[in-house]
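**Q**
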Amino acid sequence: MSMKQEKLDELSDHMFQPANTDALENEQIAGESTGFWKDAWRRLKKNPGAITGLIIILIIVLMSIIGPGMNEYSYSQQDLSRAKLPAKVPVLENVDFLGLNGVDIRGTDQYEAKGVEEYFWFGTDGFGRDQWTRVWQGTRISLFIAAAAAFIDFVIGVAYGGISAYYGGRVDNILQRIIEVLIGIPNLILIILFILIFEPGIFSIILALSVTGWVGMSRIVRGQVLKLKTQEFVLASRTLGATSGRVIGKHLIPNVLGQIIITTMFTIPNAIFFEAFLSFIGLGIRPPEASLGSIINDGFKSLQIYPHLVLWPSIIISLIMIAFNLLGDGLRDAFDPKLRK
Amino acid sequence: MSNQEKLLEIKNLKQHFKVGKGTVKAVDGLTFDIYKGETFGLVGESGCGKSTTGRTIIRLYNATDGEVIFNGEDVHGKKSAKELKKFNRKMQMIFQDPYASLNPRMTVSDIIAEGIDIHGLASSKKARMDKVHELLETVGLNKEHANRYPHEFSGGQRQRIGIARALAVDPEFIIADEPISALDVSIQAQVVNLMKKLQREKGLTYLFIAHDLSMVKYISDRIGVMYRGEIVELAESEELYRNPLHPYTQSLLSAIPLPDPEYERSRKRKIYDPEKHLSENGEKRVLREVTEGHWIACTEEEFNKFNVTV
Amino acid sequence: MGRYIGGRVVSMVITFLIIASLTFFLMKLLPGTPFNNQEKLTDTQIVQLNEKYGLNDPVAVQYFSYMKNLFVGDLGVSFQQDGREVSTIIGERIGPSAYLGFQSIVLGTIVGLFLGIIAALRHNSFLDYGTMVIAVLGISIPNFVIAGLMQYWLGVKWELLPVAYWDGFAYTIMPTIAIASIVVATIARFMRTEMLEVLGQDYITTAKAKGLSSTAVVIRHTIRNASIPIITIMGPLVVALMTGTLVIEQIFVIPGLGEKFVNSIMTNDFPIIMGTTLFYSLLFIVVILLVDIMYGIIDPRIRLAGGKD
Amino acid sequence: GGGGSNNGGNNGGGEGNGDSASEQIMNLYATAEIPSMDTTQATDATSFNAMNQVFEGLYRLDENNEPTLGVAAEEPKEEEKDGETVYTFTIRDDAKWSDGSAVTAEDFIYAWHKALNPETISPYASMFGTAGIKNGNAIITEGDPLYGKVEELGAKAVDEKTLEVTVENQVPYFKSLLTFATFYPQPKAFAEEQGEEFALEADTMLYNGPFVFSEWNHGEGWNYKKNPEYWDAEVVNLEEITVKVVKDTATSVNLYETGKVDRATLDADFVDQFKDGEDFSTILEPTMFFLRLNQGENEALANKDIRKALFLAYDREGLVNVLLNNGSVAAKYFVPKDFVKGPDGADFREFAKDGFFADQGEAEAKEAWEAGLEALGTDSVDFEFLTTDTELSSTIAEYAKEQFESKLDGLTITINKQPWKQFLKLEDAGDFDISTGGWGPDYPDPMTFLYMFETDGAYNRMGYSSEKYDQLVSDAKKETDEAKRWEMMQEAEKVLMEEDIAIVPTYQRGLAIIQQPYVKNYYVHTFGADASYKWVKIEGK
Amino acid sequence: MEKILEVNDLHVSFDTFAGEVKAVRGVNFHLNKGETLAIVGESGSGKSVTSKAVMGLIPNPPGRIKQGEIKFGDRNLAQLPEKEMQKIRGSEISMIFQDPMTSLNPTMTIGKQIMEGLIKHQNMNKSEAKERAIELLKLVGIPNAEGRVTEYPHQFSGGMRQRVVIAIALACNPRVLIADEPTTALDVTIQAQILELLNDLQEKMGTSIIFITHDLGVVANIADRVAVMYAGKIVETGTVDEIFYNPQHPYTWGLLGSMPSLDSTDEELIAIPGSPPDLLDPPKGDAFAPRNPYAMQIDTEMEPPLFKVSDTHYAATWLLHEKAPKVEPPAAIKKRMQGMAPDEPIIGAKDGGKHV
Ligand SMILES: Nc1ncnc2c1ncn2[C@@H]1O[C@H](COP(=O)(O)OP(=O)(O)OP(=O)(O)O)[C@@H](O)[C@H]1O
Ligand SMILES: Nc1ncnc2c1ncn2[C@@H]1O[C@H](COP(=O)(O)OP(=O)(O)OP(=O)(O)O)[C@@H](O)[C@H]1O
Ligand SMILES: [Mg+2]
Ligand SMILES: [Mg+2]
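Structure below.
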C-alpha cells in the first residue's frame, strides 16, 4: 500500500477536470454482437477435435460426391480377370510401407500375376469391380441412410418427444408406454415385413429405421422440453397470450435444437451400423449397389486373405464415426450454457 | 385508501398441487384487494406460496378454488380465447430470474415484440420496430441493443428487457415476482427506480413479490405478509414496519440486517415459533382488521388484545 | 414402496400383453409356412400341418388360444425342431447369452467408466481425445470385424486363445471383448459427459476445500453421482446384451439365444419367435423396473413414490 | 434331394489328442443344427448325415456309393408275381438296437407305416412310391381309395427276422433307395413308449448304426460314440466323433487351422489360401444350379430367342473359376455329371458331354437377343431377378445381372433379394421373371432331376409346359427297359435344354475341402447322406 | 494485531476462448487474527476468485495465479505444491460456499461428509470421527444430531444444510474460515440465524473469518473490517464504521446508496449506472470511471493508487488527490457521513415487538 507520492504530485490540474460522462447515459455492452449460434460456432472453432471432425466429414461428403467419378470405372462393372487385386496407387506404390503397391499379404504382386496394367487405388473386389468407386459410392449410400435417419429423428423423434413432454400428464404417460411397446416388439420382424411389402433396398431400410430409430431422440427432446416448459421465458410467453403452437415453435424447439443436433451426431453412426447389421443378415441394400456396411460384410469373409476388401471401407466407416463423435462432443461443449458466459 | 378503486379482488384463492400421493397446499385461502395505481408488496419466507399466488392470479395455473376478480370480471371463470387474450394484455408479469426469463435463442427485439406480435399491435414491420425502440428507451436501453441476444446483457439489463416485454402490451397491472432478488445490490436500484418511474408515468399497478423487506418497504404502498400459503398480516407499509402485530411479521422484520453497523450491533432478533404460536389456541385464525387498513390473522381473543393495545 | 411396485407391476403386465399381442399379429403377416423345408412338403401335407397346429383358424382364434396357453405357462413347441418345447429351447440357449452379456457388461462398464473418467479429468487434452478415439473406434469398427481379427490373430496366429466354441472361461474372452467394445464406447461417452457435469458441481469444490486428495475427490464424490444417469442407459443395454448378439454368437460358435431368435424369425418358427419375444420383453420390463429401483438406492434423493421419470 | 441353395451340412474328419497315433477321435463341424432325428420327419442334409452314422437300413452306401448290405443279412430273394416283384429280406441275427434288443422286421414295418400315415405328415412319404413299393403312391394320394391305409403297403413282417417287400414298379435304383433314411427301421416298442418325446433327445431314441449319440446339445452340437452293439462293430475304428454347429466359414477354417476340426469346407476366398496344400481337394457334387425363366408369365421370356440369348450370354467359366473357385464346374446341362451311369456303364452325361450350345457364345447370344426383341417389337426389356438373402445367391445374382446387362443391349435386371420363405412364396406364385434355382438328387437316377419340369410339376414354378417333354418323362417313368429308358431321359433333357431352352443352367456344384491327412477312409456320398464315418480311421497323427 | 494471512499483489487470470480474463488484478489485503474481514463488491468483481486463490482452488486450466503472494504464516500459498496445499485445506483454512443446496454431495450422508476431513487431517478413526461429527452438528445447532448424521442432504432444509456446510468447514478447527456468500441463498430469518451462529463460533474459537457478500446489511452485522472490490481490485478498505459512515470511493457510495434507507421512501435510490467492465479488456485508468459520475480526466488515463484516509482506511480514487475538486457525495451518503451514526434506530422492530 505504498504510494509514490512524488510522482502523483506532478499530475497536472487539467487531469482533474470532470471527464466526459456521456458514457453514463448510454448503456454499453462489451464485445461485438454474437448470436447464440455464432457464439457456439466461435467456441466450436476453438475446439480442435470438433473441427477435425467437421473437416473429416466435409472431406468424406465431398469424396462421396466426386469419388466415384474420379476414375473411369463404374461401381457395377465386373471383370473377373482382375478380381481381388490389392490397392495400387501411382507414385505411392514406391513407398513400400504404405502397402499401396499392389502386393498382397502373401507377397505376390497380383497386378503382375494377373497382367493388369491399370491402377486400382483401393484394389478390386471379388467381381473385379473397382473398390475405390464402390467404396465412395457406398459412402454415398451410407451417408444417405444416415441423413434419412437424422431426418426421421427430426420429424418423428422431435415431434414425439416434444408432444409427450409438452402436454405431459396422461398424454405423456400413454406415449411413453407406446415407446416401451415399440421397443419390445422385435424389429427384425418389422424389417422383414417392410422388405416384403416394399421390396428390399434403401426405402425398406429407412422405414425399418423409422420404427424405433427415433426413440433415443424423442427421449432427449422430451427431457429437454420437460425442463424448458417450466422455464420462466416460456411462462412469460404464455402470460402474453401465446398459443401452444407459438410456444413450441418459438421457444421450445429453438432451445432444444442444440441437443437435437448433438443427438443427431450420434444417430448418424448408429444408422450406418444398423444398415451394416441388415447387410450381415442379408437384408441390406439391393446389389450391385453397395453401402459401406455391405462392402465390409462382403469382404469380411476374406479378411484373412484379402484384407484390403475390408480395410478401406472400415477406415472410412471409422473415420465417419470418429468424426461425428468428435463433432458431437464438440457441439455438446459448444452448446453447453454452463461453459458459456 | 379504501376510497380507491379496486383493480383486483382476490377471494379465498386456493392452489393445491398434486405431488405423488399427497397434495401441496401452496396457496390456501388468500383474500386481499389491490387498488388501482398502488404497489402491493407480498413478502414471506421461501416456499410460502408467493410465486404461486402471482402465477395463479395471471392464470398460469388454474386455481383450485376461489376467485380472482380483475376490473370486475372473474379471471378464472370460463373464458373464450378472445377474452383471454384481452385479459393477457391487461395483466403482465415480470419474472424472478433474469437469466431464465429471456429466451436465449431470440433477439431482444423479438423478445420485446412477442406481445406485439401475438396481439397484432403493430401494423407494419416498421411500426413494430419503432415500438420496440421506444420500449427499449423507456427502460433505459437503446436501439442498438435490439438485435442482440440476452446472454450479452448483464442481469440488470436483462431484467429491464423483461420489463419492456411486459410493457409492450400496455398492461394496467404488473405482477413482479422477485424482480430484483437475483440481482446485484448496485443493480437492484436500477430496476426499482425504473419500476417507480413507470408507475408514475403510466399509472401502473404492481403486485411486488419479494423477500427482501427493505426493498419491499421502499416500493410498496401496502404489504401483505404470507406464511404457509396464507396472509398473516396486511397493512400499509409504514404502518407494518412501525407496528408489526403478528409474531411472524415481527420476527421477519427483526431479522433484516441493515447497512448500519451501529444498529446491527444492537439488533435483537425475535424468534417465531409456529408450533407454539399456532397451537396456543385451537381456534383457526382469520384475518381481522385491527385498525383501519391493518389486518392480522388472529383469534378472537388476540384480536381483542390488539384492539386494546393499539 | 410396495404400492409403487404393485402399480408398476400392473402397468408392466399391460405393456407385456400389448407387446405379446402386437408381435403375434405382426408375426402372422410373415410369408410362408413355419415348417422346416416347406418346399419338400406336398400341398396336402401343408394343409394337414396347418390343421395340426391350428394355423388354419382365423388369426383371432389362434391368438386367443395362444394367450390361453400362455396363461398356463405353455409356450408351445418349435416347428423347426420337431416338437421340442419352446421353454426348453430358450432354457438351453439363454445360459451362454446371459453369461456373455453379463461378462461383457461388467468388463465394458469398468473400462468404459475408466476411459470416461480419464477423458473428463483431462478434458480437452490429448488424453481426452485419445481416449475418446479409442472408445469410438470400439463402435466404429463393426464388431464382427473386430471379432474376425481377434479370431485370426489371437486364435490362429498367436494361439493365445481358443478360436471358438463354448467350453470354459478362455472361450469367453474374445467374444466378451468383441461385445464389450460397444459397451465401452457407449459408457465412456456418457461417463465423460456426466463427469464433466459433476465436476462442475459445487459439492466437488466443497470436497476439495476439505483438503481431500484429487483421487479421493474423484472416487468418493464424482463417480457415484456421475454414474446415476448411466444406469438409465444400462437398462436397455443389459437387455440387448444378455439376450445375445447374433453376429458374435455365430462367429464364436456360441449356442446363444440371439442366433436362435434371428433364425426363428427367418424361418417363421412362430412359437420360438413368440417365446423369445415374450422372454425379451419380460426381461426388458423387469430390468427397467430394477433400474428404477436401483435409482432409488443409488440416489437417495429419488423416492420411488414421488419419482415418475 | 433338395433346394440346394439354402443349406447343406458338411462334415469333415479326424484328429485325436495326445501322442498316441491310435487315438480314434474325429472332430467335425456341421453348418446347421439337427432339426430332427425322426427318420419320418427329416428333410435336410444335416439330419440325414447324422442318421447315417447312428442308424442303418437294409443297405448302406459304401465307398463307391454302391449299396452294400446293412441290416440285411444277405441279398434278398426275388420273386416275380403278377408283374410285381417280391423281395424277401432276412435281417441279421446280430442286428441290435443300442439297448441290446434285436432289430426286427416289425421295426421296419412300424417305421414305414408311420412315414406313410398321413397324420405323420412325413415329407419323404413319397419315397415309397419312388421306390416302386406297392401302393406306396396310392396310400398318400388324397382321394385314392387306399388313402391312409398303410397296412395296404407292399411290405410285410413275415416273422421277426423276415421282411417281405412287394414292388409294383421296378426301378433300377431300388437298393440304393433303401439306404435312404426314410427306409430305416424304428424301434417299435421303445418309440411307442416314448410317444411324443421319441427322438427328441439323445436318450429318447435307440441306435442301430455304427455310432450312438453320446451327447446331443441342440444348438451347440452333438457327439458320437462307437456303438458296441453294432453288428459290424469290429470294422468301426473311431471311438468318438465330436460335431459342433459352426455357421461361419472363416470360423470353421480357423478351427481347422488350430486343429480343432479335422475337415472343413472352403469357399472361394479361402481356396486361394489352401489350394496348393496337400490337405486340399475338391469334390464334384451332383447338385445343379440354374436360373428359372418364368416363361409362363413373362412375355419376353416366353420368347425362345430371348431365352437362348440369356443361355448363351452367361459366362459360366468366370463364375466357377473366380467367384466359386471351389471345384464347381460350368454347366450347360441339367443332369449332373459323375452322378449315374447308364446300363452301358457310361456316365449319363456322355451323350452331351459339354452340355448344349457348347460351342456358341456372346455373338450368338446377341444375335438371338436382337431376334427376340424384334419379335417382341421392343428395344428394351426389364427383368426382375428373384434371389435369396444368402451370400452366395447374392453373388450369383450380381454376376448374372452384369453378364446379361453388359452383353444384351436394352436389358435391365433388377435384383430382388428376399428371405428364404418369401423367396419360396414368390417363386411359387410365379411372382418373378428370373429366379435362382438349385437341385440335388433324392435318388441316384436322372429322373430325380427331370421330373421337376413336367407341366404342373410341383417344382416347375415357371410355367414351362411341353407336351413332348411330358410325354418323354412319363414314358421313361414306366419304361422297364433300361437302355430305352435312358434314351428317353436323354431325349427329354435335350428337349428341355436345346429345343425349349427352358432354363439357364449355370453350374454343377463342387466342394472345396481341406481334410487332415491323418483322416483316412472318409467316404463322401453323392446322394442321401453326405458321408459315412463307419470306415474312418485316424492314422499317423 | 497479528496478521494471520496476507495477500500481496495477487493477479489471477483465466484463459478462455475469448481471451485472457483478468479476474483479479492486483489485490492486497490482510487478515488479522480473530477478526472478520468482509469483502464486498458486485457480481464478477473477483471476490470468489480471490478466495479460491487463497484456498488453492483456482481450476487450472483455465485459471492460473499470474503473480503475487499469499502469505499464511511463513508459507506462500500461491506457490505451495498441491500435496502441501491439501494438508492446509480444510484443516488450517476452510471454506463455506454460497449455495447450501448444491454444495453438499447428494449421495453421501451428512455424517460421512463431515467425517472425511476429520479422518484425513486429524487421523481419527471412523468412530472417533463420527463422534466428532455429532458434536459438530450439535455445535451448529442441529437438533437430534445423533439421528441425523446418517441422513442425506435432501432430508435437510436449506438453513440446516448451510449449518452442515459450516460444520464441515469447522471440523478441524481451522485458523481461517473463508465464507463465500454463505447466506445469499437463504431467507432473511435463516440468514440471521447463520450470522449469529458464525459470530458465536468466532467468539468461542477465535477463528479469523473472510466473509464475502454483496449484502451491505450483512457486512454491517458481521464485519470488523471491510474491503470493497471492483473489477478485480480492492478500491476501498477500512473498518466497518469507516466504510459505512465515512465512505470515500464513489463506488462505495453507489453501493451504499443503492440500498433504500428504511426511514424514508421519497428519494430515488442511487443506482450505479451501466454495467461492470469487461475483464477481458479492462479499461485503461480507473475501471470504475465509465460508471462514475464524478469521473475526472485522469480517471480515464491512470489507475488511482490507494490513498490513505486513516491508518486503517484507504481508498483508490483520484478524488482523494489533493488537486481533485471537492465533490458532494449523494444526499444519502452525506447523511451517513454527517451523522456518522444515525441517532435513532431506523425501524421499529429493532428490539422486537415493543410497540405491542
Ligand atoms: N408446479 C408445482 N407443482 C408442485 N408443487 C409446487 C409447484 N409450484 C410450487 N409448488 C410448491 O408450492 C409451494 C409454494 O411455492 P412458491 O414457488 O409459490 O413459493 P415462493 O413463496 O414463491 O418461494 P420462493 O421465495 O422460494 O420463490 C412450495 O412448497 C413449492 O414446492
Ligand atoms: N473458471 C472460470 N473461467 C473463466 N472465467 C472465470 C472463471 N471463474 C471466474 N471467472 C471470471 O472471473 C471474474 C470474477 O469472478 P468471481 O467469481 O470472483 O466473481 P464474484 O465477485 O465472486 O461474483 P459473484 O458475486 O457473482 O459471486 C468473473 O468475470 C468471472 O467471469
Ligand atoms: Mg417464488
Ligand atoms: Mg462469487
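Chains A, B, C, D and E supply the protein sequences, listed in that same order. For the first sequence, our numbering begins at 171 and goes up steadily by one. For the second sequence, our numbering begins at 493 and goes up steadily by one. For the third sequence, our numbering begins at 2 and goes up steadily by one. For the fourth sequence, our numbering begins at 49 and goes up steadily by one. For the fifth sequence, our numbering begins at 2 and goes up steadily by one. Each residue gets a CB set at the ideal place from its N, CA and C atoms; glycine is no exception. Computed from a predicted structure; not experimentally measured.
Buried or exposed for F170 (chain C), please, with buried defined as at least 16 other CB atoms from any protein chain shown within 10 angstroms of its CB.
**A** By the 10 Å Cβ count, F170 (chain C) comes out exposed.
**Q** Considering only their Cβ atoms, is the gap separating I355 (chain A) from I20 (chain C) smaller than 8 Å?
**A** In contact: I20 (chain C) and I355 (chain A) (Cβ atoms closer than 8 Å).
**Q** Quick one: what does DSSP say E86 (chain C) is sitting in, helix, strand or coil?
**A** Residue state, collapsed to three classes: strand.
**Q** Are any of the Cβ atoms in chain A nearer than 8 Å to that of Q298 (chain E)?
**A** Interface residue, yes.
**Q** Let me know the secondary structure DSSP gives P346 (chain E) once reduced to three states.
**A** Annotation note: pLDDT 36 at P346 (chain E) (below 50); position unreliable, coordinate value reported separately. P346 (chain E): coil per DSSP, three-state reduction.
**Q** CA-CA distance, A412 (chain A) and L171 (chain E)?
**A** About 52 Å.
**Q** Sorted by chain position, which residues of the same chain lie with C-beta nearer than 6 Å to G50 (chain D)'s C-beta, five sequence neighbours on each side aside?
**A** Below a pLDDT of 50, predicted positions are generally treated as unreliable, and G50 (chain D), at 38, falls in that range; the measurement from the model is reported next regardless. Excluding residues within five positions, the ones whose Cβ falls inside 6 Å are G488.
**Q** Give a single yes or no on whether I49 (chain E) has its beta carbon closer than 7 Å to a heavy atom of ligand 4.
**A** Per the sequence shown, the amino acid found at residue 49 (chain E) is Ser instead of Ile. Because some heavy atom of ligand 4 lies under 7 Å away, the Cβ of S49 (chain E) counts as near it: yes.
**Q** For a minimum of 4 consecutive residues, which ranges assigned as the alpha helix (DSSP H) are wholly contained in the segment 72-126 of chain D?
**A** Runs of the alpha helix (DSSP H) inside the segment 72-126 of chain D: 93-102.
**Q** Relative to chain A, which residues along the segment 323-335 of chain E have a C-beta separation below 7 Å, given in chain order?
**A** Cβ contacts with chain A come from K324, A325, P326.
**Q** Does Y204 (chain C) come within less than 8 Å of chain E when only Cβ atoms are used?
**A** Chain E contact via Cβ: present.
**Q** What residue from E:N33, E:V25, E:T190 has the CA that sits closest to S44 (chain E)'s CA?
**A** The residue with the shortest Cα to Cα distance from S44 (chain E) is E:V25.
**Q** For V265 (chain A), does the count of other Cβ atoms within 10 angstroms reach 16, so buried, or fall short, so exposed?
**A** With fewer than 16 other Cβ atoms within 10 Å, it is exposed.
**Q** Report the neighbours of F25 (chain C) on chain A: residues whose CB is nearer than 7 Å to its CB, in chain order.
**A** Here the premise fails: no neighbours, minimum Cβ distance about 10 Å.
**Q** Residues in its own chain within less than 7 Å of E263 (chain D) by CB, not counting five upstream and five downstream?
**A** Around E263 (chain D): A250, W270, N271.
**Q** Can you find a C-beta in chain A that's less than 8 Å from the C-beta of D523 (chain D)?
**A** Cβ-Cβ to chain A under 8 Å: no for D523 (chain D).
**Q** Should T45 (chain C) be flagged as near chain A, meaning a C-beta pair shorter than 8 Å?
**A** So no, T45 (chain C) is outside the interface.
**Q** One question on the structure: do L686 (chain B) and R652 (chain B) come within less than 8 Å of each other, judged by their Cβ atoms?
**A** A contact, by the Cβ cut-off of 8 Å.
**Q** Closer than 8 Å, CB to CB, is S388 (chain A) near chain B or not?
**A** Not closer than 8 Å to any Cβ of chain B, the Cβ of S388 (chain A) fails to qualify, so no.
**Q** Is the CB of G339 (chain A) under 8 Å away from at least one CB in chain B?
**A** Cβ-Cβ to chain B under 8 Å: no for G339 (chain A).
**Q** Could you give the distance in angstroms between the alpha-carbon of V165 (chain E) and the alpha-carbon of A120 (chain C)?
**A** About 33 Å.
**Q** For ligand 3, I want to know if K542 (chain B) counts as a neighbour, meaning its beta carbon is within less than 7 Å of at least one of the ligand's heavy atoms.
**A** Checking the Cβ of K542 (chain B) against ligand 3 gives yes.
**Q** Does the beta carbon of A406 (chain A) sit closer than 8 Å to a beta carbon anywhere in chain B?
**A** Yes - at least one Cβ of chain B is within 8 Å of the one on A406 (chain A).
**Q** Relative to the C-alpha of T110 (chain E), which residue among E:L78, E:A146, E:K335 is closest?
**A** Among E:L78, E:A146, E:K335, the Cα nearest to that of T110 (chain E) belongs to E:A146.
**Q** Mind checking the segment 604-626 of chain B against chain A and listing, in chain order, the residues whose C-beta falls within less than 7 Å of any C-beta there?
**A** Correct list: E606, G607, I610, H611.
**Q** Is it buried or exposed, F262 (chain C), if we count other Cβ atoms within 10 angstroms and call 16 or more buried?
**A** So F262 (chain C) ends up on the buried side.
**Q** Along chain B, which residues have their Cβ under 8 Å away from the Cβ of Q346 (chain A)?
**A** Within 8 Å Cβ-Cβ: nothing; Q346 (chain A) doesn't reach chain B, min ~18 Å.
**Q** Please identify, using Cβ separations under 7 Å, the residues of the segment 293-309 of chain D that lie next to chain A, in order along the chain.
**A** Hits within the stretch, in order: T297, A298.
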